[in-house]
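Undergrad: Structure incoming, see below.
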Amino acid sequence: MTLDAFFQTNPRTALAFSGGVDSAYLLWAGVQAGTEVQPYFVKTPFQPQFELEDARRLCGQAGVELVVLDYDILSDGTVAANPPDRCYHCKKRLFSLLKERAAFDGFSLLLDGTNASDDAGDRPGMRALRELEVHSPLRECGLTKERIRVLSRQAGLFTWDKPSYACLATRVPTGRTITPEDLERVETGEAALAALGFRDFRLRLAAEGCRLQLVEEQFSLLPERRAELLSALEPLFSQITLDLRPRAPID
């Protein structure tokens with residue numbers, strides 16, 4: 524099945540929209556197919572501000588209105604406790620909220636941007652999507668992340684080379700309670716690193732501070748940016764360590 528065929532069969536859909544590569548292309552494809560695709564962005568403490576800004580920019584480019592739903596995901600005690608299956612509980616909450624709002628707005632089908640490169644397996648988040656009957660057209664149509672990037676570039680979407688991004692909760696070690704303060708520190712620190720020219724990195728909380736993970740080609744940027752990096756991170760973290768093993772880019 525092609526995306527055009529999917530949208531011809533499903534001319535009115537709601538879309539869980541993140542502002543990332545996959546959901547951006549899915550929205551664009553739906554609009555190009557002449558169908559009604561309503562994007563929804565759930566703003567929680569797990570999403571940094573730049574993701575919302577990207578989502579709004581993309582919707583402006585596509586000529587559709589973005590619906591933003593604010594939700595305090597940390598009000599769910601299980602999610603805040605950060606167990607190994609936190610992603611399941613988080614996605615179950617968020618996509619239940621999305622399905623309820625979409626149904627209220629007259630949409631019976633909810634989509635997400637999972638692609639054919641994603642290992643569905645029995646990952647907790649994927650299990651939640653299956654239970655809620657969320658459709659993933661990119662995956663169903665066999666579109667890999669690499670192919671989506673190519674198609675996005677051809678479409679003129681600024682997200683075509685945007686690094687993959689996992690929510691801020693993934694920066695907190697499993698079993699450590701997630702707090703708004705920790706999430707704010709990570710978001711502030713990562714924003715500072717991005718402003719210094721770093722890309723596709725992770726700033727993970729550690730027992731006594733934070734641990735910086737970089738992709739291999741970014742290590743060369745450290746010597747010239749070291750003083751600025753420390754100036755930005757020292758007010759946020761008592762200790763700053765560097766993982767000397769290169770972080771594998773995740774697509």
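Every number in the numbering used here is 523 more than the matching position in the sequence shown, counting from 1. Think of the CB as a built atom: it goes at the ideal place given N, C-alpha and C, for glycine as much as any other residue.
#1: Among the candidates Ala604, Ala556, Leu719, whose CA atom is the shortest distance from the CA of Ala692?
#2: Pull up the distance between the alpha-carbon of Ser761 and that of Phe573, whole angstroms please.
#3: Quick one: using the 10 Å Cβ neighbour count with 16 as the cut-off for buried, is Glu710 buried or exposed?
#4: Check the DSSP bridge columns for Ala734 and list the partner residues they point to.
#5: With DSSP run on the structure shown, which of helix, strand or coil describes Val602?
#6: Helix, strand or coil for Phe564, going by three-state DSSP, please let me know.
#7: Straight-line CA distance for Gln570 to Tyr548?
#8: Excluding sequence positions up to five away, which residues of its chain have a Cβ less than 8 Å from the Cβ of Lys615?
#9: So what's Arg535 in DSSP terms, helix, strand or just coil?
#10: What residue range is occupied by the uninterrupted beta strand (DSSP E) comprising Val587?
#11: Just the Cα atoms here: how many angstroms apart are Leu756 and Arg708?
#12: Three-state secondary structure (DSSP) at Glu707?
#13: Would you say the region 560-570 touches the region 586-600, given that touching needs at least three Cβ pairs under 8 Å?
#14: So the alpha helix (DSSP H) Met524 belongs to, where does it begin and stop?
#15: Check whether the region 728-735 and the region 692-704 touch, using three or more Cβ-Cβ pairs below 8 Å as the test.
#16: Using the rule of at least 16 other Cβ atoms within 10 Å of the residue's Cβ for burial, across every protein chain shown, is Thr682 buried or exposed?
#17: For a quick check, are the C-beta atoms of Thr567 and Asp593 less than 9 Å apart?
#18: Quick one, which of Asp628, Gly629, Asp599 has its alpha-carbon nearest Leu617's?
#19: Taking the straight line between their C-alpha atoms, what separation do you get for Pro769 and Leu752?
#20: How many angstroms separate the CA atom of Leu759 from the CA atom of Leu674?
#21: Just how far apart, CA to CA, sit Gln531 and Ala556?
#22: Can you give me the Cβ contacts of Leu597 inside the same chain, cut-off strictly under 7 Å, excluding the 5 residues immediately before and after it?
#23: Between Met649, Phe627, Ala750, Gly629, which lies nearest to Thr637 when the distance is taken from Cα to Cα?
#24: Use the C-beta contact count for Gly553: other C-beta atoms within 10 angstroms, 16 or more gives buried, fewer gives exposed.
TA: Quick look at the numbers:
#1: Here the closest residue by C-alpha is Ala604.
#2: 26 Å
#3: buried
#4: Per the sequence presented here, residue 734 reads as Arg, with Ala not at that position. Answer is Arg727, Thr764.
#5: helix
#6: strand
#7: 20 Å
#8: Ala651, Glu654, Leu655
#9: In this structure, Arg535 counts as strand in the three-state DSSP scheme.
#10: From DSSP, Val587 is part of no beta strand (DSSP E); its letter is neither H nor E.
#11: 9 Å
#12: helix
#13: yes
#14: It is not in any alpha helix (DSSP H) - Met524 carries neither H nor E in the DSSP assignment.
#15: yes
#16: buried
#17: yes
#18: Asp599
#19: 18 Å
#20: CA-to-CA, the gap between Leu759 and Leu674 works out to about 39 Å.
#21: 7 Å
#22: Pro568, Ala603, Ile701, Pro703
#23: Met649
#24: Gly553 sits buried, since 16 or more C-beta atoms from the chains shown fall within 10 Å of its C-beta.
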